[in-house]
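Enquirer:
2 protein chains.
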Amino acid sequence: MRVQLMRSVLGDNSQIAQSNRQRWDEEGILALDFMGSPGSGKTSILERVVQELSARGISVKVIEGDVASANDAERIEAAGAEAFQINTGGGCHLHAGMVSRAMNELDLAGVDAIFIENVGNLVCPTAFKLGAHFRVVVASVPEGDDKPEKYPVAFREADVIILNKSDLLPYIPFDTERFWHLSDQLNSTAPRFTVSCASGEGIDELCEFIVEEIAKVKG
Amino acid sequence: MRVQLMRSVLGDNSQIAQSNRQRWDEEGILALDFMGSPGSGKTSILERVVQELSARGISVKVIEGDVASANDAERIEAAGAEAFQINTGGGCHLHAGMVSRAMNELDLAGVDAIFIENVGNLVCPTAFKLGAHFRVVVASVPEGDDKPEKYPVAFREADVIILNKSDLLPYIPFDTERFWHLSDQLNSTAPRFTVSCASGEGIDELCEFIVEEIAKVKG
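Read top to bottom, the protein sequences are chains G and F. Mapping of the first sequence onto this note's numbering: residues 4 to 222, in sequence order. Mapping of the second sequence onto this note's numbering: residues 4 to 222, in sequence order.
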């Protein structure tokens, strides 16, 4: 029999998330937390958005969360933004403390937006808010049109919903109307974007949204 | 400050997994645990395999694990096998006790194989063995060729590795050689299959493997 002292992990996380948010608000930095299945295309979207925003003179940094490897941080840096890679070493989500420590490693002077890519997982990250202004759920066409029904918490708690890989619609049975209907049943208020990193569809609209939200955070 | 009595959750799970395995061995039933990301195609593979094995007179039952909904169990029953749906209510993986209870609800007389579809998640299910003879990892082409490197535990601990959705290779940048090279670095012994539920590629080979393993379990 083992007796172990437990603190409320979620309570601690929530406090640190609030302090992350306060820091971003004070420094006028918009923060987005991208969640989605492995291979839903989170990094590809960030590559496109980083390129587009950099071309407009907007300063962006990225915090990459992965179980292992620095592949995603390397891709982001090749796209033109500084990236800080967190390896969770098996952990299935980022928590707010990891993000807080990562921010201490980044030079935030003049930064307009921080993008956080969570561990590829449509279940666990939903329970651990990081303090971001927007939690962005990325679903993709090859995953199937029933994902909102099967992973409802992620969609219910999302502040933005992205359907990615629209270029694959001709090759895959996917009922777009059904996807958005199921999504609307859980969350009818989150802004939605349909994008493709291959064709570029929707990237401009997504960047436009981010630029508007940066202006709001800067007040 | 809260003090809470903790038992070793993983230790308990391991004991129940061993008892599941003993029961399957005694009854001459082959058990396979399918793990993979949301939308990797676990249910589609099971639909095809169930149809093929049923046509050969092999009796199969399926235990479906999902955060929410009975979609997958309905699809399996439409394909011709009895299915028992477990909803974890937010839980990110099945554990052995859930499977043990599900088996008590199924009539196992004359059953040759049990397929368990784990919650769509490439991280958490790896830590909770269910007692199955084979842990099958399903990856899919749209997820990208770097998945073994990014989710190493799932590939390292797999007994069978399936690359699904090979029909999408013409439409997606995916380096098959790189995928299997990264996979081999973690696990060079697990049997591997490349399949497509759309074209039918590889389904026969996968079924042949299952039939041979059923014969071994029946001794």
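Glycine included, every Cβ here is placed at the ideal spot set by N, Cα and C. Treat the numbers as computed from the prediction; the structure is a model and nothing was measured.
So if DSSP puts F/Leu33 in a beta bridge, which residue, or which two residues, is it bridged to?
Expert: Paired residues: F/Ala116.
Enquirer: Using a beta-carbon distance cut-off of less than 7 Å, what residues from the region 145 to 158 of chain F approach chain G?
Expert: Taking 7 Å as the Cβ-Cβ cut-off against chain G, the residues of the region 145 to 158 of chain F that qualify are Pro145, Glu146, Gly147, Asp149, Lys150, Glu152, Lys153, Tyr154, Pro155 and Val156.
Enquirer: Pair every Cβ in the region 99 to 119 of chain G with every Cβ in the region 16 to 31 of chain F, then say whether three or more of these pairs are closer than 8 Å.
Expert: No, because fewer than three Cβ pairs between the region 99 to 119 of chain G and the region 16 to 31 of chain F fall closer than 8 Å, the two stretches do not touch.
Enquirer: Quick one: give me the first and last residue of the beta strand (DSSP E) that G/Asp178 is part of.
Expert: It is not in any beta strand (DSSP E) - G/Asp178 carries neither H nor E in the DSSP assignment.
Enquirer: Verify the CB distance criterion: does F/Leu33 have a CB-CB separation below 8 Å to chain G?
Expert: By this cut-off, F/Leu33 is not an interface position.
Enquirer: Give the straight-line distance between the Cα atoms of G/Val6 and G/Ala112, rounded to the nearest whole angstrom.
Expert: Because the pLDDT at G/Val6 is just 49, under 50, the model does not fix this residue reliably, and the point stays unresolved.
Enquirer: Are the beta-carbon atoms belonging to G/Phe131 and G/His98 less than 8 Å from one another?
Expert: Against a cut-off of 8 Å, the Cβ pair of G/His98 and G/Phe131 comes out as a contact.
Enquirer: Checking contacts by CB at 8 Å: is G/Pro41 closer than that to chain F?
Expert: Cβ-Cβ to chain F under 8 Å: yes for G/Pro41.
Enquirer: Using a 10 Å radius around the Cβ and a threshold of 16 neighbouring Cβ atoms, would you call F/His96 buried or exposed?
Expert: Answer is buried; the Cβ neighbour count reaches 16.
Enquirer: From what residue to what residue does the beta strand (DSSP E) around G/Gly94 run?
Expert: First-last for G/Gly94: undefined, no H or E at that position.
Enquirer: Do you know offhand how far G/Asn190's Cα is from F/Glu29's?
Expert: Near 48 Å, if we compare the C-alpha coordinates of F/Glu29 and G/Asn190.
Enquirer: Give me whichever residues DSSP pairs with F/Ile66 in a beta bridge.
Expert: Per DSSP, F/Phe87 and F/Ile119.
Enquirer: Note down, in chain order, each residue of its chain lying with its Cβ closer than 6 Å to the Cβ of F/Val156, except the 5 sequence neighbours on either side.
Expert: These residues qualify, in order along the chain: Thr129.
Enquirer: What is the residue span of the alpha helix (DSSP H) that F/Asn124 lies within?
Expert: Run containing F/Asn124: none; DSSP gives neither H nor E here.
Enquirer: Would F/Asp207 pass as an interface residue toward chain G - the criterion being a Cβ-Cβ separation below 8 Å?
Expert: Judged by the 8 Å Cβ criterion, F/Asp207 is not in contact with chain G.
Enquirer: Would you decide whether G/Pro173 is buried or exposed? Buried here means 16 or more other CB atoms lie within 10 Å of its CB.
Expert: Classification of G/Pro173: exposed, given that the 10 Å Cβ count is below 16.
Enquirer: Determine the DSSP secondary structure at G/Phe212, reduced to helix, strand or coil.
Expert: Here G/Phe212 sits in helix by DSSP.
Enquirer: Smallest Cα separation from G/Glu85: which of G/Val126, G/Val198, G/Asp115 and G/Ser17?
Expert: G/Glu85 has its Cα closest to that of G/Asp115, out of G/Val126, G/Val198, G/Asp115 and G/Ser17.
Enquirer: Does the region 73 to 83 of chain G come within contact of the region 51 to 58 of chain G, defined as at least 3 CB pairs closer than 8 Å?
Expert: Yes, they touch.
Enquirer: Could you check which residue in G/Arg59, G/Leu166, G/Ala73 and G/Val12 has the C-alpha nearest to that of G/Ser199?
Expert: Nearest C-alpha to G/Ser199: G/Leu166.
Enquirer: Take F/Gly100 as the anchor and find which of F/Cys127, F/Gly93, F/Ala20 and F/Val163 has the nearest alpha-carbon.
Expert: Among F/Cys127, F/Gly93, F/Ala20 and F/Val163, the Cα nearest to that of F/Gly100 belongs to F/Ala20.
Enquirer: DSSP on G/Thr192, reduced to helix/strand/coil?
Expert: Here G/Thr192 sits in coil by DSSP.
Enquirer: Roughly how many angstroms lie between the CA atoms of F/Ser143 and G/Glu180, to the nearest whole one?
Expert: Roughly 24 Å between the two C-alpha positions.
Enquirer: Determine, using beta carbons only, whether F/Cys200 comes closer than 8 Å to chain G.
Expert: No, because no Cβ of chain G sits closer than 8 Å to the Cβ of F/Cys200.
Enquirer: Under a CB-based cut-off of 8 Å, is F/Leu171 close to chain G?
Expert: True, the Cβ-Cβ gap to chain G drops below 8 Å.
Enquirer: 8 Å is my cut-off, CB to CB: does F/Val122 come that close to chain G?
Expert: Closer than 8 Å: yes.
Enquirer: Apart from the five residues on each side of it in sequence, which residues of its chain come closer than 7 Å, Cβ to Cβ, to F/Leu133?
Expert: Contacts found: Ala20, Asn23, Asp36, Leu97, Ala99, Val102 and Ile119.
Enquirer: Taking any Cβ of chain G, which residues in the region 49 to 73 of chain F have a Cβ under 9 Å from it, in chain order?
Expert: If the cut-off is 9 Å between Cβ atoms, the region 49 to 73 of chain F has Asp69, Val70, Ala71 and Ser72 near chain G.
Enquirer: Excluding sequence positions up to five away, which residues of its chain have a Cβ less than 7 Å from the Cβ of F/Pro194?
Expert: Closer than 7 Å at Cβ, skipping near neighbours: Val163 and Phe212.
Enquirer: For G/Leu125, decide whether its Cβ has a neighbour in chain F, counting only Cβ atoms nearer than 8 Å.
Expert: G/Leu125 counts as touching chain F.
Enquirer: Does DSSP put G/Ala58 in a helix, a strand or coil?
Expert: Of the three classes helix, strand and coil, the one that applies to G/Ala58 here is helix, per DSSP.
Enquirer: Would you mind sorting G/Lys221 into buried or exposed? The rule is 16 or more other CB atoms within 10 Å of its CB.
Expert: The residue is exposed, with fewer than 16 neighbouring Cβ atoms inside 10 Å.
Enquirer: With a cut-off of 8 Å on the beta carbons, I'd call F/Ile66 and F/Ile32 a contact; round off their distance for me.
Expert: In fact, because the Cβ distance is near 12 Å, the residues do not count as touching under 8 Å.
Enquirer: Would you give the residue range spanned by the alpha helix (DSSP H) that G/Val156 belongs to?
Expert: Here the alpha helix (DSSP H) through G/Val156 covers Pro155 to Arg159.
Enquirer: Taking only the alpha-carbon atoms, compute the straight-line gap between F/Asp14 and G/Gly205 and give it to the nearest angstrom.
Expert: Contrary to the premise, residue 14 of chain F reads as Gly rather than Asp in this sequence. Straight-line Cα distance between these residues: approximately 48 Å.
Enquirer: Helix, strand or coil, according to DSSP, for G/Leu109 in the structure here?
Expert: DSSP places G/Leu109 in coil when its eight states are reduced to three.
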